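Accompanying notes for the structure given below.
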Amino acid sequence: MVWGGISLEGHTALHVLARGSLTAIRLLVRPYAGAVGPGFLLMQDNARPHVAGVCQQFLQDEGIDAMDRPARSPDLNPIEHIWDIMSRSIHQRHVAPQTVQELADTLVQETIRHLIRSMPRRCREVIQAHGGHTHY
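Each residue of the sequence shown is one higher than the one before, starting from 1 at the first, in UniProt numbering.
So this is what it looks like as structure tokens:
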């Protein structure tokens, strides 16, 4: 599993974890939330590990607020676009990344900034489409 976080202020390093999502939350989300400070709001998708009771209980115990996501909501989480870009970058390479650093290098910081800057436009389009399909 690979975990990374992005915000308006910047991004974390990529972390490769041998264990599941709860490990990522314990090891990475808590310090990231602390670094961002008051008003931190975690945006995850509805992946089964993210909505598991044990994960939700951990977030509640730690005082970490997570955004509610309807089951069929449009995916406005820019990190999903990063995973897509990373996947395409890896598949375009003639040789697969051999190290975590090579894997991390497939994510270009400017791409992350571009995606974050595009969020107001993305949100407007979803609102205009009344939650329906947009070109994103």
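Cβ atoms here follow ideal geometry from the backbone N, Cα and C, with glycine treated the same way. All figures in this text were calculated on a predicted structure; none of them were measured in a lab.
Just to confirm my understanding: we take residue i, look at its own chain, exclude 5 residues before and 5 after, and list those with CB closer than 7 Å. What are they?
i     : result
TYR32 : GLY5, THR12
ILE79 : GLY4, ILE6
Note down the Cα distance separating residue i from residue j, rounded to an integer number of angstroms.
i      : j      : result
MET119 : GLN56  : 26 Å
ASP65  : GLY39  : 9 Å
GLN101 : THR111 : 17 Å
ALA52  : GLN92  : 34 Å
MET86  : ASN46  : 20 Å
ARG69  : ASN77  : 11 Å
VAL54  : GLY34  : 21 Å
HIS114 : ARG122 : 12 Å
GLU62  : ILE82  : 27 Å
VAL95  : SER89  : 11 Å
VAL36  : GLY10  : 10 Å
HIS130 : THR99  : 43 Å
GLY132 : PRO97  : 37 Å
Under 6 Å Cβ to Cβ from residue i, same chain only, skipping five residues before and after it: list those, please.
i      : result
GLU125 : THR134
LEU59  : ALA66
Below 8 Å CB to CB, which residues in the same chain sit around residue i once its five sequence neighbours on both sides are set aside?
i     : result
MET67 : LEU41, LEU42, MET43, GLN44
ARG30 : GLU62, ILE64
Thinking residue i and residue j are a contact (beta carbons under 8 Å), I'd like their distance in whole angstroms, please.
i      : j    : result
ILE116 : LEU8 : 6 Å
Ordered list of alpha helix (DSSP H) runs contained in the UniProt domain "Tc1-like transposase DDE" (39-94), each at least 4 residues | Taking only runs of at least 4 residues, the alpha helix (DSSP H) segments lying wholly in the UniProt domain "Tc1-like transposase DDE" (39-94) are 48-51, 53-62, 78-92.
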